[in-house]
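**Q** Structure provided below as structure tokens; questions to follow.
There are 2 protein chains.
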Amino acid sequence: MNPPSKILLVIIDGASDRPNEDGTTPLKKANTPNLDKLASLGINGIMDTIAPGIRPGSDTAHLSLLGYDPHKYYTGRGPFEAAGVGIEVKAGDVAFRANFATMDENGIVTDRRAGRIRETHEIAKSIQESVKLGGAELLFRESTGHRAAVVFRGDGLSANISSTDPNKEGKPVAVSAALDEGKEARKTAVLVNEFTVQVQEILREHPTNVKRISEGKHPANTLLLRGAGLVPHIPDVEEKYGVKGAVVAAAGLVIGIGRMCGMVHLPVEGATGGMDSNIAGKVERAGKALDDYDFVMLNIKGADEAGHDRNFENKTELLCKADAELAPLLDIDPENVVIVVTADHSTPISVGNHSADPVPIMMINRSVRTDRVREYNEFAAAEGGLCRIRGMDLMNIVMDLTDRAHKYGA
Amino acid sequence: MNPPSKILLVIIDGASDRPNEDGTTPLKKANTPNLDKLASLGINGIMDTIAPGIRPGSDTAHLSLLGYDPHKYYTGRGPFEAAGVGIEVKAGDVAFRANFATMDENGIVTDRRAGRIRETHEIAKSIQESVKLGGAELLFRESTGHRAAVVFRGDGLSANISSTDPNKEGKPVAVSAALDEGKEARKTAVLVNEFTVQVQEILREHPTNVKRISEGKHPANTLLLRGAGLVPHIPDVEEKYGVKGAVVAAAGLVIGIGRMCGMVHLPVEGATGGMDSNIAGKVERAGKALDDYDFVMLNIKGADEAGHDRNFENKTELLCKADAELAPLLDIDPENVVIVVTADHSTPISVGNHSADPVPIMMINRSVRTDRVREYNEFAAAEGGLCRIRGMDLMNIVMDLTDRAHKYGA
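Residue numbers (the working numbering), protein chains in the order written: chain A, 2 to 411; chain B, 2 to 411.
This is how it looks when you write it as structure tokens:
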């Protein structure tokens, strides 16, 4: 018997849409000969990544697509962001997303993004080295741009505390407060406030900020924390499915979700996640990774951003580009690999944000029951042989298709 | 940004069917140009109002269509009937459906419907005014024909008691008994029996009955209670969805469900719920209600009754009539309103009762992904872009379509 097929899960982030006034969508309008060819070779359908009518975040959607019920495992964005920047989070840690920001001498936030600072590496190093907290260990790492992740590790912590981000400029940095009566929440709120004070002290005269001020730029003289989450215990994909998994993605959040689920992140040069991202490099990397891993998740960003920007032309163009770069998928032998192409959610131009409209999904493999669908888009997919499935079912279907599923009963 | 779209949910009660020996159904056979036009403008599918293979009652189906899990909220028919006749039920009340009936001098029920009496208003008034119960307040109201609703309000009541309806003639009025060991059930059973005795006393010489006897008609000299239910706490549609809701319906049960869910009942002259019902008036009322309400549920009766009567021709004719009266739906601007047309369940001619066969559903709005379906019937709908959904998903989908849904995650 042959070894089980490998699995390549391609997620075109935010690809699907609602029809515009001409009754079309970027995916339908885009010239996508490669995706259309794949559709004609496979089985197609539509998918509610969480459930019909439930608007997914990128985080909850990806968890669901990996077969992890977000109602059980999604405790907030912090843990996944922290894992995404490479912090090895553990169950029980409390993690946050953070912004480097600018405040004035009265502690009023004047720029929530510190002039979109990019040079945060030295600052982050100083914070990691100099902050000393009683009762918890600090794990701090910068992310892209003005972003960072903060993790507190110690006994008896809680994520049920308020954030320090005032959410708008012109307001002071907020004091974190416990949101329940427990001593864990109080302890954690005290830690967060102590951390914030120490960080402000470290940043006040930091060389990076001295330089920025001399250049007339906004200094990164405070941190704003939000998205607190207790790191959950997540069984990894090897334990859950018996597969070795890898993730190829530019977005820290997606990388973080992959890592939290025990997948190895495979970095790609020039993978920025934007319109200019090195999609070809990611596709190549993901294809090669099938030699070493059973399951590879490839996330392609760009369409989602164009949806958030409400830019029909950019979204269409990004999808054309993605299609061209995905041409190597046609060279993958459907005898040995299950290729799944889908999206994590719709990001309609008319909404400018995620919607619950189902996403098109196709599976290409020798074992699938092919259908009459000949194009990859929202309309054609709904006529396919998969009918309508849920994100939580996807991995189970794929495990069955690759003969990895266990029989339930006798 | 525009205000969110309004929502019009049209439920053609019991519309769908199983094929007859010619392979057709009343809905397929009926000439329905307006519904067919709507199908061609929208997205279509089939829907299990509760779950595949679960035969819905009208009550459980409507709850499910409104997004209220009947397994949680359906405690019996009594509460919804009582709300339907206009009793302002409260969580914790125990409510019943009741029949006015005729018994002989030995207490044997000789006519469960008291000669299909209609003049029950004075009798009901006498009961409400004269019955005095220890330990509970009585709320009594007549319904259509020989029907009425009874509510007991007080501390420590239970619906876990047997009914007093013997279910067939030739048997005595049944004594209500506690169905568990708790003192609440015993107290309530005693109340019901005490209530029945007092009602029989009041009715014995009641002028309405004296007149009926003189006319050779059966007197309404007892009440038969059934469908006991503890009134549940139901969050209203404004709390649950952030919408102001209204219901246009003839059936007390549907009105009651709407009211229990916090929707306002908008009465329509001549809306009887039968073949002769003023459907046009209901459609007009529902359409106008969209000016004042975010969400309007319109229930059209008739097809269900024809199904119960196993009358293919009448059901077909009713559906033709409903189609003609629904023509104004075509004048509603799909930019600003989501129109949903569906049924609460199938009532197949061959069964003469509700079945679990899925119902056709269509949604018409600028944001939906249109499909190739060009007719509104059970067969065409199954080829539509919605594929197969569940009743509990409907409101979530509509809330997402009208941009009212909250994002889950980030």
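Every residue gets a Cβ at the ideal spot worked out from N, C-alpha and C, and that includes glycine.
With the cut-off set at 7 Å, would you say A:Leu319 and A:Gly303 are in Cβ contact?
**A** It is a contact, given that the beta carbons lie within the stated cut-off.
**Q** Quick one: is B:Asn366 near chain A, going by C-beta distance under 7 Å?
**A** Chain A, which has no Cβ nearer than 7 Å to the Cβ of B:Asn366, makes this no.
**Q** Could you list which residues in chain B have their beta carbon closer than 7 Å to that of A:Ala160, in chain order?
**A** Within 7 Å Cβ-Cβ: nothing; A:Ala160 doesn't reach chain B, min ~15 Å.
**Q** Below 8 Å on the Cβ atoms is my contact criterion, and I expect B:Ile8 with B:Val248 to pass it. Report the Cβ-Cβ distance as a whole number of Å.
**A** Rounded, the Cβ-Cβ distance is 13 Å, inconsistent with contact.
**Q** In the DSSP assignment, find the unbroken alpha helix (DSSP H) run with B:Met48 in it and report its ends.
**A** Segment Ile44 to Asp49 is the beta strand (DSSP E) holding B:Met48; no alpha helix (DSSP H) there.
**Q** To which residues of the same chain is A:Asn194 closer than 7 Å at the C-beta, ignoring the five residues directly before and after it?
**A** These residues qualify, in order along the chain: Val176 and Ser177.
**Q** Consider the Cβ of B:Ile398: report whether some Cβ of chain A lies at a distance smaller than 7 Å.
**A** Interface residue, yes.
**Q** Just the Cα atoms here: how many angstroms apart are A:His234 and A:Glu376?
**A** When rounded, the distance between both Cα atoms is 40 Å.
**Q** Given that B:Cys388 touches chain A, what residues does it touch there, using C-beta distances under 7 Å?
**A** Those are Ile47, Ala383, Cys388 and Arg389, listed as they occur along chain A.
**Q** Round the Cβ separation of A:Val342 and A:Leu39 to the nearest angstrom and send it over; I've been treating them as touching at under 8 Å.
**A** Confirmed, Cβ separation roughly 6 Å.
**Q** Can you check whether the C-beta of A:Ile55 is within less than 7 Å of a C-beta belonging to chain B?
**A** It does; some Cβ of chain B falls within 7 Å.
**Q** Just to check my reading of the structure: B:Val151 and B:Leu226 have Cβ atoms closer than 8 Å, yes? What is that Cβ distance to the nearest angstrom?
**A** Yes, they are in contact, since the Cβ atoms of B:Val151 and B:Leu226 sit about 6 Å apart, within 8 Å.
**Q** Starting from A:Met261, follow the alpha helix (DSSP H) in both directions and report where the run begins and ends.
**A** It spans Gly253 to Met261 - the alpha helix (DSSP H) in which A:Met261 sits, taken as one unbroken run.
**Q** Contact check, A:Thr33 vs A:Cys321 under 8 Å by CB: the rounded distance?
**A** With 8 Å as the limit, A:Thr33 and A:Cys321 qualify as a contact, their Cβ atoms being about 7 Å apart.
**Q** Does B:Ala52 have its Cβ less than 7 Å from a Cβ in chain A?
**A** False, the Cβ-Cβ gap to chain A never drops below 7 Å.
**Q** For chain B, check one thing: does any of its Cβ atoms lie closer than 7 Å to the Cβ of A:Ser41?
**A** Not one chain B Cβ lies under 7 Å of A:Ser41.
**Q** Should B:Gly246 be flagged as near chain A, meaning a C-beta pair shorter than 7 Å?
**A** Taking Cβ atoms only, chain A never reaches closer than 7 Å to B:Gly246, which makes this a no.
**Q** Please classify B:Ser59 as buried or exposed, where buried requires at least 16 neighbouring CB atoms within 10 angstroms.
**A** So B:Ser59 ends up on the buried side.
**Q** Of all Cβ atoms in chain A, is any one closer than 7 Å to the Cβ of B:Tyr413?
**A** Since the first residue of chain B shown is 2 and the last is 411, residue 413 of chain B is not available in this structure.
**Q** In the DSSP assignment, what are the bridge partners of A:Asn300?
**A** DSSP, once it has assigned bridges, lists A:Ile12 as partnering A:Asn300.
**Q** How is B:Tyr75 classed by DSSP in three states: helix, strand or coil?
**A** Here B:Tyr75 sits in coil by DSSP.
**Q** Against B:Gly406, what residues of chain A qualify as contacts under a CB-to-CB distance less than 7 Å, listed in chain order?
**A** Residue identity check: residue 406 of chain B is Ala in the sequence provided, not Gly. Those are Gly54, Arg56 and Ala357, listed as they occur along chain A.
**Q** Leaving out five residues on either side along the sequence, give the residues of the same chain with a beta carbon under 8 Å from the beta carbon of B:Gly183.
**A** Result list for B:Gly183: Ser159 and Asn161, in chain order.
**Q** What separation, rounded to the nearest whole angstrom, lies between the Cα atoms of A:Leu192 and A:Pro173?
**A** Going by the C-alpha atoms only, they are around 19 Å apart.
**Q** Answer with yes or no whether the minimum CB distance from B:Asp324 to chain A is below 7 Å.
**A** Taking Cβ atoms only, chain A never reaches closer than 7 Å to B:Asp324, which makes this a no.
**Q** Is it the case that the Cβ atoms of B:Gly228 and B:Arg78 are separated by a distance below 7 Å?
**A** Yes, the pair counts as a contact, with Cβ atoms nearer than the cut-off.
**Q** Check whether the region 378 to 397 of chain B and the region 87 to 97 of chain B touch, using three or more Cβ-Cβ pairs below 8 Å as the test.
**A** No: the two stretches stay apart, fewer than three of their Cβ pairs being nearer than 8 Å.
**Q** If you follow the alpha helix (DSSP H) that B:Leu320 is in, where does it begin and where does it stop?
**A** Taken as a continuous stretch (DSSP letters only), the alpha helix (DSSP H) holding B:Leu320 covers Phe313 to Glu326.
**Q** Since A:Ser356 and A:Arg142 are thought to touch, with beta carbons under 8 Å apart, how far apart are those beta carbons, to the nearest angstrom?
**A** Contact flag wrong, Cβ pair sits at about 32 Å.
**Q** DSSP three-state call for B:Ile64: helix, strand or coil?
**A** Here residue 64 of chain B turns out to be Leu, not Ile, going by the sequence shown. Helix, per DSSP.
**Q** Tell me the DSSP bridge mates of B:Leu139?
**A** DSSP lists B:Phe153 as partners of B:Leu139.
**Q** Mind pulling the chain B residues with CB within less than 7 Å of A:Glu379?
**A** Residues of chain B passing the Cβ test: Arg370.
**Q** For B:Val249, which residues does DSSP report across the bridge?
**A** B:Val249 pairs with B:Leu299.
**Q** Quick one: what's got a C-beta closer than 6 Å to A:Ala272's C-beta in the same chain, skipping five residues either side?
**A** Answer for A:Ala272: Ala251, Ser278, Asn279 and Lys283, listed in chain order.
**Q** So which residues on chain D does A:Val352 lean against when the C-beta distance must stay under 7 Å?
**A** Of the chains in the structure shown, none is chain D; the protein chains are A and B.
**Q** Does DSSP put A:Val339 in a helix, a strand or coil?
**A** Three-state DSSP puts A:Val339 in a strand.
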